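*Asks:* Just add 20 to the spot in the sequence shown (first one is 1) and you have the numbering used here.
Structure incoming, see below.
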Amino acid sequence: MNLAPDSLWFSAMFAAALLLATSLRLWLALRQLRHVRSHRDSVPAAFAEVIDSQAHRKAADYTIARQRMGMAHNLYGAAVLLAWTLGGGLRWLAGANASLLGDGLGAQLALLGEFALLASLLDLPWEIAQTFGLERRFGFNRSTPALFAADQIKGLLLGAVLMAPLALLLLWLMRASPLWWLWGWLAFAAFSLVMMVVFPTWIAPLFNRFEPLPEGEVKQRAQQLMQRCGFALQGLYVMDGSRRSAHANAYFTGLGRARRVVLFDTLLRQLAPQQIEAVLAHEVGHYKRHHIQQRLLLSLGLGLLGFALLGWLAGRDWFYAGLGFDHSAQARQAAALILFSLVLPLAGVFVSPFSAGWSRRHEFEADAYAASHSDAGALADALLRMYRDNASTLTPDPWFVRFYYSHPPALQRLARLRPARGAGA
Ligand SMILES: [Zn+2]
């Protein structure tokens, strides 16, 4: 293969970005490791009454183990990325695919499928190690090998059923129209909106059981809260999260008529009714402060930028050649999609301080909403209980927080909730 200067230039840029992103991630992980380790043996004063030293040490050990695994996974991911691109992995796969199936739309779709399957197989050992190694070691895993295998197979089939039509449409558009990226983005936007309704209603129930919240104090409090907030909710569900994990959570999902609040059964067992009400008020706060809509708009806007960038890159020979692919080879459209999906995540670590900071601001706003429509003290107690039971560290490294934390660290969140207690809100 003859490499033109602009391809070499792009290869060098790509290698530099990979090196920079990987070093930055490792540096942040090392900071977090060191910070948590150095605070392992003393509970911060603000939590001394409610978190005992054993729970504090467990949270530190769990965080450290996760960081270690994350660092190894990171290096592995960088090696796999190099193998797919400069190592010629994709060129080889596309060649084998073309010699069997040719260059039709079907063959290109097959190449996308083969790549997705190989990529998930390459990552499978890590998922197994995390679920049955790390999570089990700290007593969080509840999944069995049979359930895990069923989840993987269901996930792959579902991915194929949902993504194949979209991918086929995209491949066809790429050949049919120079403005394909704009049509492609419209299709992506429509798909995202439809999924917001389809996911909670039909897809999530394939993996978990959802039951309406049973009658009782929790439901009564929830209904009164919704009335107080002027919030019409279509559904309040309990999910059997305990089937897979002991981690507890609650989330808001769906759009319009399909919107619902989902509480993990683990959360219902851990928290008192008043605390659950406060957690629900926090979730309602996300909705009332328009966070859901803002996030959706941002993702559609970034999607448009992404498609425009892809549309431009897909027309440059150096984009393919610079990433180890023969630009005159067959399956050029499928290769453009795959290479873009491989390279784009490199930007993630540089964008994450902005998106994480934005998300943390939303969490403060939702907490403030909960404090004024429910009980700040109850929310603080609920958070503490969740920090303890999920073994979340109370002493994260500030830089690690800046880059990665979608939720403010415990100390900051509680400091804002505690003074509000008893203030007559
Ligand atoms: Zn939140």
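Yeah, the Cβ is synthetic: ideal placement off N, Cα and C, and Gly gets one too.
These figures come from a predicted structure and were not determined experimentally.
Who are Tyr257's beta bridge partners in DSSP?
*Replies:* Pro232, Val282
*Asks:* Say yes only if the C-beta of His393 is nearer than 7 Å to one or more non-hydrogen atoms of ligand 1, and no if none qualify.
*Replies:* no
*Asks:* Provide the residue(s) that pair with Tyr424 in DSSP beta bridges, ordered along the chain.
*Replies:* Paired residues: none, contrary to the question.
*Asks:* On the three-state DSSP scale, how would you describe Asn117?
*Replies:* Helix, per DSSP.
*Asks:* According to the neighbour-count rule (16 or more other Cβ atoms, all chains shown, within 10 Å of its Cβ), is His393 buried or exposed?
*Replies:* buried
*Asks:* The beta strand (DSSP E) spanning Thr273 covers which residue range?
*Replies:* 270-273
*Asks:* Starting from the C-beta of Gly442, find all residues in its chain whose C-beta is less than 8 Å away, skip the five residues before and the five after it, and write them out in chain order.
*Replies:* Because Gly442 sits at a pLDDT of 44, beneath the cut-off of 50, its placement in the model cannot be relied upon, and the following sentence gives the value as read from the coordinates. Gly397.
*Asks:* I'd like the list of long-range same chain contacts for Ala224, defined as Cβ closer than 6 Å, with 5 residues on each side in sequence excluded.
*Replies:* So no residue of the chain qualifies.
*Asks:* I need the DSSP call for Ser58, collapsed to helix, strand or coil.
*Replies:* Residue state for Ser58 is assigned as helix, using DSSP reduced to three classes.
*Asks:* Which term fits Pro145, buried or exposed, when burial requires 16 or more other beta carbons within 10 angstroms of its beta carbon?
*Replies:* exposed
*Asks:* Give me, in chain order, the residues of the same chain whose beta-carbon lies closer than 7 Å to that of Ala118; leave out the 5 immediate sequence neighbours on both sides.
*Replies:* Ala127, Gln350, Ala351
*Asks:* How many angstroms separate the CA atom of Asn161 from the CA atom of Met91?
*Replies:* For Asn161 and Met91, the distance between alpha carbons rounds to 21 Å.
*Asks:* If you reduce the DSSP assignment to three classes, tell me which class Ser394 lands in.
*Replies:* Three-state result, Ser394: coil.
*Asks:* Determine the contact status of Asp346 and Arg111, defining contact as a CB-CB distance below 8 Å.
*Replies:* yes
*Asks:* Quick check on Gly444: buried or exposed, where buried means 16 or more other Cβ atoms within 10 Å of its Cβ?
*Replies:* With a pLDDT of 38 at Gly444, under the threshold of 50, the modelled position of that residue is not reliable, and no figure is offered here.
*Asks:* Can you tell which of Ser197, Arg88, Ala207 has the C-alpha that lies nearest to the C-alpha of Ala150?
*Replies:* According to the sequence as given, residue 150 is Gln; it is not Ala. Comparing Cα-Cα distances from Gln150 to each of Ser197, Arg88, Ala207, the minimum goes to Arg88.
*Asks:* How many angstroms separate the CA atom of Trp205 from the CA atom of Val217?
*Replies:* The C-alpha of Val217 is placed about 19 Å away from the C-alpha of Trp205.
*Asks:* Could you name each continuous alpha helix (DSSP H) segment of 4 residues or more that falls completely within the stretch 339-368, going from the start of the chain to the end?
*Replies:* 352-363
*Asks:* Under 6 Å from any heavy atom of ligand 1, by CB: list those residues in chain order, please.
*Replies:* His302, His306, Glu383, Ala386
*Asks:* Just to confirm, are Val70 and Leu414 a CB contact at a threshold of 8 Å?
*Replies:* Cβ distance not < 8 Å, so Val70 and Leu414 don't count as in contact.
*Asks:* For Pro234, is the classification buried or exposed, using 16 other Cβ atoms within 10 angstroms of its Cβ as the cut-off for buried?
*Replies:* Pro234 should be labelled exposed.
*Asks:* Three-state secondary structure (DSSP) at Arg441?
*Replies:* Note that Arg441 scores a pLDDT of 45, beneath 50, so its modelled location is shaky and nothing firm can be said.
*Asks:* Report the CB separation of Glu297 from Ala242 in whole angstroms; it is logged as a contact under 8 Å.
*Replies:* Contact between Glu297 and Ala242 is confirmed by a C-beta separation of about 7 Å, below the 8 Å threshold.
*Asks:* Using a Cβ distance threshold of 8 Å, determine whether the stretch 92-102 contacts the stretch 317-331, with at least three qualifying pairs required.
*Replies:* no
*Asks:* Which value, in whole angstroms, describes the spacing of the CA atoms of Leu53 and Ala85?
*Replies:* 9 Å
*Asks:* Which one of Asp26, Ser27, Thr42, Trp29 has the shortest CA to CA distance from Pro365?
*Replies:* Thr42
*Asks:* By DSSP, does Ser262 sit in helix, in strand, or in coil?
*Replies:* helix
*Asks:* Looking at C-alpha atoms only, which residue of Leu132, His306, Gly175, Tyr424 is the closest neighbour of Gly368?
*Replies:* Checked all of Leu132, His306, Gly175, Tyr424; the closest Cα to Gly368 is Tyr424.
*Asks:* Are the CB atoms of Ala65 and Gly133 within a distance shorter than 8 Å?
*Replies:* no
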